[in-house]
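Chemist: This structure is in structure tokens; I'll ask about it shortly.
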Amino acid sequence: MLLKLAWRNLWRNKRRSLITMGSIVFAVLLSILMDSVKKGLLDKMKDNVVGFYTGYVQVHGQGYWEDKTLENSFEPASLVTEAISGNSQVTSAVPRLESFVLAASDNLSKGSMLVGIEPADETAVTGLNDKLVSGEYLNQGDQAVLLTEGLADYLRLGINDTLVIIGQGYHGVSAAGKFPIKGLIKFGSPDLNKGLIYLPLSTTQQLFGAENRLTSLVLQIRDNPKSRQVAQQLQANLSDEYEVMNWQAMLPELDQVIQGEEAENVIFQIVLYMLIAFGIFGTILMMTIERQYEFGVLLAIGMKRHILSGIVILENIFLALMGACMGILLSIPIVYYLYKVPIRLQGQLAEAYENFGIEPIFYFSVDAVVFYSQGVVVLLLALALAFYPMLKIWKLDPVKAMHA
Amino acid sequence: MEEKKPIILTKNLTKVYDTGAVPVKAVNSVSLEVFKGEFTALVGPSGSGKTTLLNLIGGLDHPTSGQVLVNQVDISKMKKSALIDFRLQNIGFVFQAYNLIPVLTAKENIEFVMLLQKRSKGEREQRVRELLNEVDLLDKMNDRPAQLSGGQQQRVAVARALASKPAFILADEPTANLDSKTAGNLLDLMARLNHEENITFIFSTHDQRVIDRAHRIITLVDGAVAEDQLVAQPVDHS
Ligand SMILES: Nc1ncnc2c1ncn2[C@@H]1O[C@H](COP(=O)(O)OP(=O)(O)OP(=O)(O)O)[C@@H](O)[C@H]1O
Ligand SMILES: [Mg+2]
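From first to last, the protein sequence lines stand for chains G and V.
For what it's worth, our numbering labels the leading residue of the first sequence as 1, then goes sequentially.
For what it's worth, our numbering labels the leading residue of the second sequence as 1001, then goes sequentially.
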């Protein structure tokens, strides 16, 4: 009967309850959309760089990340491979030999990063083969390159054209070579897309005179959020000759951007929920004032204060939950659609974004946490706001309440 | 013969309101005895302290000095939370208006009190039917208060007051908002309950026709008992 009473009380002033609920629905919807797009963009940004290129954890020769030269490369001793295979979080390790080179066509040239890879391993860890937009993927031992689309466009080169690579090898030997372009790849991150060249590892080692040497081992780990711990564990097991870095350590700017955006998101949501809170509070205030006399009668005939408070809290929870549920239900198809069909910016705006090195696409996240966190927040809000009528009921004197 | 004990006993009951500029002695040293089965009217000019006295007897208000004993239990020193429970178990209230919970039906309003008393479902169902029959509203049991007339609402309020099987019923101007014919009907109901079920009523009123139905008339002036007339003996049920 208490549930029934609370439920019916909710509908005493239908319009007011509906307006309050409507405002909750709207706020929840807005908040979910904002949250989803923020999270979607950040996840994408991270994936574009971390997922497709750096990986979550890397092992280098000591000092390599600070000073990326072949002089800081290393020969992977059995010690390293054992330490890595001994860590249960690490699922695979991909070797790379990277160096900065000049990439040239007949009359154009551009500084680029040459990445020597084991083609099959790379496929497994970063899904590089999925980035192929034309031509074919590399095979082990190929004397051919994969070029990012942005670089190919700049050099005006296409499939089967010849790319000239000029650079400095290990111990200062000069390194130069000519390679046919076997395929073109495209990265989401405009920065990466501008200047990457992939060559099979063995070919790269020959080119640089760095037999058996690597600049990095890219590790794939089981739980990406644990990358920091994994890096620490591995570092503890390896000598000072090596450095183990998680992606936050390798890309501090990206980490900062992500954390900053997340903080900004929290502020936005606080403001939004303050607005809803005022709306709900207004309703609660009116309800409480209007029902003073009735509360007085109820206390007079023997209704206990905590039961009466319970009813009022239930009313608030009903109101908030219904609003939040409707908001969430409404948002699911919208967010899911936007997740499948991200908003792609057009024209000048898109160019502006690209100039800033940002992909001009709004991705949405369908992570469950985006949805239920809103429900939880609204519920907590309703509970917090129910304190006011509770306090009123606690102090209510039935004689005074009925005197009015 | 064994001496009869009063169900209500007040000793020098006094209530002073000093919220205004001058303190008001709303109830001034009232000493009363009320026995089971009485049908008592509390009369007096406006502001004479009728409502205040009823509130003190009903444990809604704390006296400034003096005592209220209900069935030998001193309620004037009880804690507020204990008083709520005491009221629920021992006292029935009928107020001037807006007695009922607007979102509950007549039946639910009556049942509600028994629910607070944690009575079983079967007992509740049976008693609600009896009471609705008693106040002649069986056909209206599923109506909400807004669908009932003022007189019907007050009859439901009387039924609700009875639902908890209280020691007595306090009614503060129960007929004030009713036309004289409806007021007469309500009085008929109360008198019948008093006569047939030996229910004790104390009601305040301004209405002479209501006063005429009382067996005992207590007149208050400036918070003090000015006159206490026994018009008729309570029906002897023993
Ligand atoms: N809560 C209160 N605060 C201050 N003074 C009060 C309060 N309640 C009653 N009084 C005062 O106490 C006195 C008695 O009031 P009470 O309401 O008991 O009279 P009453 O006989 O019921 O009058 P009425 O016939 O108008 O209902 C009045 O002077 C009134 O102003
Ligand atoms: Mg009065």
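Every residue gets a Cβ at the ideal spot worked out from N, C-alpha and C, and that includes glycine.
Are ILE422(G) and VAL101(G) touching if we call contact CB-CB under 8 angstroms?
Modeler: In this structure chain G extends from 1 to 404, so residue 422(G) is not present and cannot be described.
Chemist: Check whether the Cβ atoms of ALA1157(V) and ASN1198(V) sit closer than 8 angstroms, and answer yes or no.
Modeler: It is not a contact, given that the beta carbons lie outside the stated cut-off.
Chemist: Can you give the Cα-Cα distance for GLN259(G) and ILE221(G), rounded to whole angstroms?
Modeler: Using only the alpha carbons, I get a separation of about 22 angstroms.
Chemist: So for LEU234(G), helix, strand or coil by DSSP?
Modeler: Correct three-state label for LEU234(G): helix.
Chemist: Can you pull the chain G neighbours of ARG1087(V), defined as C-beta to C-beta under 8 angstroms?
Modeler: Ordered by position in chain G, the residues that pass the 8 angstroms Cβ test against ARG1087(V) are ALA300, ILE301 and GLY302.
Chemist: Check GLU1173(V) in the structure and name its three-state DSSP category.
Modeler: Note: GLU1173(V) maps to coil in three-state DSSP.
Chemist: Against GLU294(G), what residues of chain V qualify as contacts under a CB-to-CB distance less than 8 angstroms, listed in chain order?
Modeler: In chain order: TYR1098, ILE1101 and PRO1102.
Chemist: Keeping to the same chain, check which residues put their C-beta closer than 8 angstroms to that of GLY111(G); ignore five residues upstream and five downstream.
Modeler: Only PHE100, VAL101, LEU102, ALA103 and GLY195 meet the Cβ criterion.
Chemist: Since VAL1043(V) meets chain G, which of its residues come closer than 8 angstroms, beta carbon to beta carbon?
Modeler: Near VAL1043(V) there are no residues of chain G at all, since even the closest Cβ is about 21 angstroms away, more than 8 angstroms.
Chemist: Under 7 angstroms Cβ to Cβ from LYS182(G), same chain only, skipping five residues before and after it: list those, please.
Modeler: So the qualifying residues of the chain are GLY135, GLU136, LEU138, ASP142, ALA144, VAL145 and LEU146.
Chemist: Using DSSP with H/G/I as helix, E/B as strand and the rest coil, what is ILE1084(V)?
Modeler: The answer is helix: DSSP assigns ILE1084(V) an H, G or I state.
Chemist: Residues in the segment 4-36 of chain G with C-beta within 7 angstroms of chain V's C-beta atoms, listed in sequence order?
Modeler: Answer in chain order: LEU5, ARG8, ASN9 and ARG12.
Chemist: Is it the case that the segment 338-347 of chain G contacts the segment 309-327 of chain G, given that we only count it when at least three CB pairs across the two stretches are under 8 angstroms?
Modeler: Result no; under three Cβ-Cβ pairs closer than 8 angstroms.
Chemist: Compare the C-beta of PRO389(G) with all C-beta atoms of chain V and state if any pair is closer than 8 angstroms.
Modeler: Closer than 8 angstroms: no.
Chemist: With a threshold of 8 angstroms, are at least 3 pairs of Cβ atoms found where one atom belongs to the segment 1055-1062 of chain V and the other to the segment 1218-1227 of chain V?
Modeler: Because the criterion of three Cβ pairs below 8 angstroms is not met, the segment 1055-1062 of chain V and the segment 1218-1227 of chain V do not touch.
Chemist: Pick out whichever of GLY167(G), VAL173(G), PHE179(G) and HIS171(G) has its Cα sitting closest to the Cα of LEU157(G).
Modeler: Of GLY167(G), VAL173(G), PHE179(G) and HIS171(G), the residue nearest in Cα terms is PHE179(G).
Chemist: Please determine, among LYS1107(V), ASP1139(V) and LYS1036(V), the residue with the shortest C-alpha to C-alpha distance to THR1200(V).
Modeler: Among LYS1107(V), ASP1139(V) and LYS1036(V), the Cα nearest to that of THR1200(V) is on LYS1036(V).
Chemist: Can you give me the Cβ contacts of PRO1145(V) inside the same chain, cut-off strictly under 6 angstroms, excluding the 5 residues immediately before and after it?
Modeler: Taken in chain order, the residues that qualify are LEU1100, PRO1102 and GLN1153.
Chemist: Tell me whether the beta-carbon of ALA27(G) lies closer than 8 angstroms to the beta-carbon of PHE1093(V).
Modeler: Contact: no.
Chemist: Are the C-beta of ASP1228(V) and some C-beta of chain G separated by less than 8 angstroms?
Modeler: By this cut-off, ASP1228(V) is not an interface position.
Chemist: Could you please give the first and the last residue of the uninterrupted beta strand (DSSP E) stretch that includes ILE1008(V)?
Modeler: Counting along the chain, the beta strand (DSSP E) containing ILE1008(V) begins and ends at 1008-1017.
Chemist: Go through its chain and collect everything with a Cβ distance to MET1001(V)'s Cβ below 6 angstroms, but skip five positions before and after it.
Modeler: With a pLDDT of 46 at MET1001(V), under the threshold of 50, the modelled position of that residue is not reliable, and the figure given next carries that caveat. No residues qualify anywhere along the chain.
Chemist: Quick check: what's the CA-CA separation for PHE369(G) versus GLN206(G)?
Modeler: At residue 369(G) the sequence reads Val, which differs from the Phe that was named. Approximately 49 angstroms, taken between the alpha carbons.
Chemist: Indicate, with yes or no, if ligand 2 has a heavy atom lying under 7 angstroms from the CB of SER1031(V).
Modeler: Not so, every heavy atom of ligand 2 lies at least 7 angstroms from the Cβ.
Chemist: Ignore the nearest five residues each way along the sequence and tell me which others in LEU201(G)'s own chain have a CB closer than 7 angstroms to its CB.
Modeler: For LEU201(G), where only same-chain residues beyond five positions count, the Cβ hits under 7 angstroms are PRO95, LEU97, GLY116, ILE117 and GLU118.
Chemist: Can a CB atom of chain G be found closer than 8 angstroms to the CB of PHE1201(V)?
Modeler: Chain G, which has no Cβ nearer than 8 angstroms to the Cβ of PHE1201(V), makes this no.
Chemist: Kindly indicate if chain A contains any beta-carbon less than 8 angstroms away from that of VAL1016(V).
Modeler: Looking at the structure shown, chain A is missing, and the protein chains on hand are G and V.
Chemist: Spell out the partners DSSP gives PHE187(G) in its beta bridges.
Modeler: Beta-bridge pairing links PHE187(G) to no other residue.
Chemist: Using a Cβ-based criterion (distance less than 7 angstroms to any ligand heavy atom), does LYS990(V) qualify as near ligand 2?
Modeler: Residue coverage of chain V in this structure runs from 1001 to 1238, which leaves residue 990(V) outside it and unanswerable.
Chemist: Quick check on the burial criterion: 16 or more other C-beta atoms within 10 angstroms. Buried or exposed for MET390(G)?
Modeler: Counting Cβ neighbours within 10 Å, MET390(G) comes out buried, since at least 16 surround it.
Chemist: Taking the C-alpha atoms as reference points, what is the distance between TRP174(G) and THR203(G)?
Modeler: Note that residue 174(G) is Ser in the sequence shown, not Trp. Taking the straight line joining both Cα atoms gives about 15 angstroms.
Chemist: By Cβ distance, which residues of its chain are closer than 7 angstroms to ILE1217(V), with the 5 residues on each side in sequence left out?
Modeler: Excluding residues within five positions, the ones whose Cβ falls inside 7 angstroms are ALA1041, VAL1043, ILE1211, GLN1229 and VAL1231.
Chemist: Within its chain, find whatever has a CB closer than 8 angstroms to the CB of GLY209(G); leave out the 5 residues flanking it on each side and keep chain order.
Modeler: Counting only Cβ-Cβ distances below 8 angstroms, and skipping sequence neighbours, we find GLY169, TYR170, HIS171, VAL173 and ALA175.
Chemist: Who are the Cβ neighbours of ILE185(G) in its own chain at under 6 angstroms, not counting the five residues just before and after it?
Modeler: Same-chain partners within the cutoff: LYS131, LEU132, LEU146 and THR148.
Chemist: Check whether the Cβ of GLU1123(V) lies closer than 8 angstroms to any Cβ atom in chain G.
Modeler: No, GLU1123(V) does not count as interfacial toward chain G.
Chemist: Nearest-angstrom Cα distance between GLU1196(V) and HIS306(G)?
Modeler: C-alpha separation (whole angstroms): 37 angstroms.
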